[in-house]
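In order, the protein sequences belong to chains A and B. Here this note's numbering is used: the first residue of the first sequence is 882, the next is one more, and so on. Here this note's numbering is used: the first residue of the second sequence is 882, the next is one more, and so on.
Protein chains: 2
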Amino acid sequence: MANDELKRIAARIEHRLVELFDAAAAGPSSGIFPTPLRTPVLEEVRELTLRGGKRLRAALVICGASLFDDGAEEEPAVIDAAAALELLHAYFLIHDDIMDDDATRRGGPSLHVALADRLGDPRLGRDLAILAGDLAAALHEGLVSRLDTAESRRRLAAAIFSEMHLDVVHGQTLDMLGQSDAEEVALRKTASYTTVGPLTIGAALGGASPDQLVELAAIAAPIGVAFQLRDDLLGAFGTSKVTGKPVGTDLRRGKRTFLLAQALKSSSAEERAAIEAVLGVADAPDDAVARATAALVSCGARRVCEQRCDRLVGGALEAIGAGGNRYRDGGKGLLIRLGELITKRDS
Amino acid sequence: MANDELKRIAARIEHRLVELFDAAAAGPSSGIFPTPLRTPVLEEVRELTLRGGKRLRAALVICGASLFDDGAEEEPAVIDAAAALELLHAYFLIHDDIMDDDATRRGGPSLHVALADRLGDPRLGRDLAILAGDLAAALHEGLVSRLDTAESRRRLAAAIFSEMHLDVVHGQTLDMLGQSDAEEVALRKTASYTTVGPLTIGAALGGASPDQLVELAAIAAPIGVAFQLRDDLLGAFGTSKVTGKPVGTDLRRGKRTFLLAQALKSSSAEERAAIEAVLGVADAPDDAVARATAALVSCGARRVCEQRCDRLVGGALEAIGAGGNRYRDGGKGLLIRLGELITKRDS
């Protein structure tokens, strides 16, 4: 799905992440804190961060910068901000997986499970995974506070990083408290650091003004909601092989997705019964999950979500197009390809 | 114990922390992430951060700056760096208390216990406490990346913050893995972010050169070890009322302190038996703990630790004194008072 441009971006971010992990393992350079930092925790954070993922956030940082600056992809500050987003993502995933007790991530063990297995102690694995998230956060912080660009741009980007960090923590808090609907969680947990934050951070580094950033945030938010819709669809219909997660997990967990909300609205009594039979039932048998999944299709919820996903991304791309020469062509082209990646992605 | 100057510094940091928590509750200001952030998690982080503590780290930041710059105490960047240290401290305490299953902190409930009680759910309390630590880290990051001073000083300070953050995570990792002795844990977990980091961050903001920072780090490290020695002594001999922690906790946990290492070296067979009878015994009776505590005194371990503590701080102050006019008088005076606070503190 990803074309050559996106692959090149992913490779560049990967390369920078490897450099950063190598530097972390070599130890601090100031002479103030002298000893190197090689521990199983650093090794596992490195492994998870490099294990893959789509590098979508990193690509959106570069896209945001490219909307305002033609040479953005070559700017070290833009690459570092993109790498910082990937580290922030790893940190959130690590802590989220502890909270949700998720055993798999990116087609392998989640970090607390990997550490528990390695050390033969689940409690120690969990405790060290808290530290592993903290380590990724520390590497992220180091990059953000030292982005090498004009001071006014750096400060603007750093301010967005900080607001985004708080917003995601808040979104996850509301989610844990069950105090928000699918829409609010999608906006905060997903849109804020999947599209809104990355795109505006990139734009700030590309030279956008504060007003232009607000305008761009309004364009980025629906793309983030579309990303979440696609996630919900993959959570229900994707195969374990392409998503890296077990089939039917969202249903068995009773996750309040858009897809579920739509299904509960438009289903017949029979379809609803099939869904409710497995909803939140951790050990629901596979054939019952298959019946519930079929009901999500037959009631029309799948189609509604797919259409909404396309409409959200389409509207955002239209708004960018209507921006005329406010936005550079290179950035616009990249955003179109990222929009396609989001609406059509299969993992 | 704290004199007027230290009280004034603590009040100033407190004031800045209140401003920061108010701003966080009012929500982001960029217009990119629109909604306010008032949750039980934010409230509890605020409560714990403002509940007290000695503000020693904050004072050491100001001291470090004052060693190189007479007006340091009035510099907003210095105050912000000091407040950032207190937020970093809160974040570490919150996550450490989850890992150590500590129920009390600063004379009140630790944060995961406060949230568990408030929400009537221990598991949810623990999960939200992970987020609470993350929230304090986010507030810390926001301050560090936007310290308002000359760019060269800001970058130097930010680099130290980042190395320090990694170093503490590493120290806690080694501690959890049981792969380090009391000395290494004290250097990493305590010295790094209690004295070395704060003093050098302040010095960087005050205009010290990288070489001067390395020199100052070597002076700060023994003060940090002395702080840990004093902590061990308070953990064994302090009353619950002044330390805010239950008496005998370190012994019952089997914590590998300097004090314990010294006692195991210099005790008679009888003294050693009294200590080992409660060491690592979570439900050891109070009278047995009292006998073990008495043995720590009679074997001379207490005296050795007290003397070592005095000697470490004395040596550091001598080194500062020998620096002649490289260091400003105001900063030197403040460091002497902080050294006294550390060697004589009773909480």
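Glycine included, C-beta positions come from ideal geometry on N, C-alpha and C. Owing to the predicted nature of the structure, the values given are computational and were not obtained by experimental measurement.
For Pro1231 of chain A, which beta-bridge partners are listed by DSSP? Because residue 1231 of chain A is not part of the residues shown, which for chain A are 882 to 1228, the question remains open.
Would you mind sorting Pro845 of chain A into buried or exposed? The rule is 16 or more other CB atoms within 10 Å of its CB. It is not possible to answer for residue 845 of chain A, since the shown part of chain A is limited to 882 through 1228.
Tyr1074 of chain A by DSSP, collapsed to three states: which one? helix
Along chain B, in chain order, which residues have C-beta atoms closer than 8 angstroms to that of Glu1032 of chain A? Glu1032
Classify Gly838 of chain A as buried or exposed, calling it buried when 16 or more other Cβ atoms lie within 10 Å of its own Cβ. The question about residue 838 of chain A has no answer, for chain A in this structure spans 882 to 1228.
Between which two residues does the alpha helix (DSSP H) holding Thr916 of chain A run? Segment: none, Thr916 of chain A is in no alpha helix (DSSP H) and carries neither H nor E.
Quick one: does Phe914 of chain B have its CB under 8 angstroms from some CB of chain A? yes
Tell me the residue span of the alpha helix (DSSP H) that contains Lys1225 of chain B. Asp1210 to Lys1225
Quick test of your reading: Leu887 of chain A and Arg1218 of chain A, contact by CB under 8 angstroms. State the CB separation rounded to the nearest angstrom. 6 angstroms
Proximal residues, the region 1009-1033 of chain B versus chain A, C-beta separation under 7 angstroms: Leu1009, Ile1011, Leu1012, Asp1015, Leu1016, Ala1018, Ala1019, Glu1022, Gly1023, Val1025, Ser1026, Arg1027 and Glu1032
When DSSP labels each residue in this structure, what does Lys1136 of chain A get in the three-state scheme? coil
Using DSSP with H/G/I as helix, E/B as strand and the rest coil, what is Val866 of chain A? Here chain A has residues from 882 to 1228 only, and residue 866 of chain A is not among them.
Which residue wins for smallest C-alpha separation from Lys1224 of chain A, given the options A:Gly1001, A:Val1106, A:Leu1086 and A:Ser1033? It should be pointed out that residue 1224 of chain A corresponds to Thr in this sequence rather than to Lys. Checking every option, the nearest Cα to that of Thr1224 of chain A belongs to A:Val1106.
Is Ala1019 of chain A closer than 8 angstroms to Leu1047 of chain B when the C-beta atoms are compared? yes
Thinking C-beta only, is Thr1130 of chain A closer than 8 angstroms to Phe1108 of chain A? no
Going by C-alpha distance, which of B:Thr1174, B:Arg1134, B:Ala1165 and B:Pro1166 is nearest Arg1153 of chain B? B:Thr1174
Any beta carbon from chain B within less than 8 angstroms of Ala905 of chain A's own beta carbon? yes
Glu886 of chain B in three-state terms, based on DSSP: helix
Proximity of His970 of chain A and Arg938 of chain A at Cβ, strictly below 8 angstroms: yes
When the distance is taken between beta carbons, is Val1025 of chain B closer than 8 angstroms to Phe973 of chain B? no
Taking Glu1157 of chain B as the reference, give the member of B:Asp950, B:Gly1135 and B:Leu1140 with the closest Cα. B:Gly1135
Taking the alpha-carbon positions, what's the Asp1168 of chain B to Val1178 of chain B distance? 16 angstroms
List the endpoints of the continuous alpha helix (DSSP H) containing Leu1028 of chain A. From DSSP, Leu1028 of chain A is part of no alpha helix (DSSP H); its letter is neither H nor E.
Helix, strand or coil, according to DSSP, for Leu948 of chain A in the structure here? coil
When burial is assigned at 16 or more other CB atoms within 10 Å of the CB, is Lys1146 of chain B buried or exposed? exposed
By a C-beta neighbour count over all protein chains shown, 10 Å radius and 16 as the cutoff for buried, is Thr916 of chain A buried or exposed? exposed
Stretch pair the region 985-998 of chain B + the region 1073-1092 of chain B: three plus CB contacts closer than 8 angstroms: no
Quick check on Glu956 of chain B: does DSSP put it in helix, strand or coil? coil
Look at the alpha carbon of Met882 of chain B and the alpha carbon of Arg1035 of chain B, and state the distance between them as a whole number of angstroms. Low per-residue confidence applies at Met882 of chain B: pLDDT is 41, beneath 50, and the placement is therefore not dependable, though the value from the model is reported in the following sentence. Whole-angstrom Cα-Cα distance: 33 angstroms.
Does the CB of Ala1040 of chain B have a neighbour CB from chain A at under 8 angstroms? yes
Within 7 angstroms of chain B by C-beta, residues of the region 1094-1109 of chain A in sequence order: Leu1094, Val1095 and Ala1098
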